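All remarks here apply to the structure that follows.
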Amino acid sequence: MTLAPEAAGTVRSQSKEEHFAEHKFVPVKNQPRVVIKSADMPEDMIRKAIELALTALDRFELERDMAKFLKKEFDTRYQPSWHCIVGRHFGSYVTHESSGFLYFYIEKTAVLLFRSG
């Protein structure tokens, strides 16, 4: 899977102001549109999260099952404790560890993935 960043470049370590900036990715080969709303995570982990989220969207019908899949994959790949929320309508206010937060959309489905605990 390849995602091409729009305009000015790739996701990188960010200042506080940049942390909340929106990053848009254009679909490659008819993949859904991905928009990163907020990220405090290394680029390789961001790309893996998007790849796994696309897999989850194809594999599962229920948002709960998508979230469970992403949480377990990140726990296995990057050590526990990861938490994941997937849906179209939710609010959140979370505390996360440094370099352990990602909030993005795939089309109209939001994914909040963060490490805490």
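In this note's numbering, each residue carries its 1-based index in the sequence shown increased by 94. Ideal Cβ placement from N, Cα and C applies to all residues, glycine included. Computed from a predicted structure; not experimentally measured.
Query, Result
"DSSP beta-bridge partners of Ser175", "Paired residue(s): none; Ser175 is not in a bridge."
"Where the beta strand (DSSP E) containing Arg209 begins and where it ends", "Thr203 to Arg209"
"The beta strand (DSSP E) enclosing Leu196, as first and last residue numbers", "Phe195 to Ile200"
"Helix, strand or coil at Lys131 according to DSSP, with G and I counted as helix", "strand"
"For Val180: DSSP bridge partner residues", "Val205"
"Proximity winner among Arg209, Gly185, Ser210 and Glu201, relative to Asn124 (alpha-carbon distances)", "Glu201"
"Proximity of Ser210 and Ser175 at Cβ, strictly below 8 Å", "yes"
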